[in-house]
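A quick write-up on the structure given underneath.
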Amino acid sequence: MGIRLVPVVLLALLVALHAQLWLGRGSLPQVAAMQQKIEAQKAANAQVRQANERLASEVHDLKEGLDMVEEKARSELGMVKQGEVYVQFTPR
Numbered sequence: 005m006g007i008r009l010v011p012v013v014l015l016a017l018l019v020a021l022h023a024q025l026w027l028g029r030g031s032l033p034q035v036a037a038m039q040q041k042i043e044a045q046k047a048a049n050a051q052v053r054q055a056n057e058r059l060a061s062e063v064h065d066l067k068e069g070l071d072m073v074e075e076k077a078r079s080e081l082g083m084v085k086q087g088e089v090y091v092q093f094t095p096r
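Take the sequence shown: its position 30, counted from the start at 1, is 34 in the working numbering, and no numbers get skipped.
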């Protein structure tokens with residue numbers, strides 16, 4: 005009886021280990037899902053980082069000179085300098 009018990013115990017341990025690998029906490033499917041989430045978060049972080057850099061550059065330009073202020077006034081508000089004529093051209 006002792007000789008037959010060892011293979012049964014070893015087989016039970018093997019089944020338990022495989023169950024943990026495929027179904028338990030930290031299983032292969034969970035790890036793959038977490039890796040996908042990490043990649044998605046990295047992409048979102050890169051987009052936000054790029055937007056932050058653009059805004060930081062804009063703030064720097066606004067602090068350093070009036071060129072950016074003039075450009076914003078012209079593009080967003082349609083302002084012109086004294087003596088200038090504004091002509092809007094719409095391509096077909």
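The C-beta atom is built at its ideal place from N, Cα and C for all residues, glycine as well.
Taking only beta-carbon positions, decide if residue i is within less than 9 angstroms of chain D.
i	result
Asn56	Of the chains in the structure shown, none is chain D; there is only one protein chain.
Please look up how many angstroms separate the CB atoms of residue i and residue j, rounded, as I've assumed it's under 8 angstroms.
i	j	result
Leu81	Met72	So it is not a contact: roughly 13 angstroms between Cβ atoms.
Leu17	Trp26	Incorrect: roughly 15 angstroms between the Cβ atoms, too far for contact.
Starting from the Cα of residue i, find the closest Cα among the options and give me that residue.
i	options	result
Glu88	Arg96, Thr94 and Arg78	Arg78
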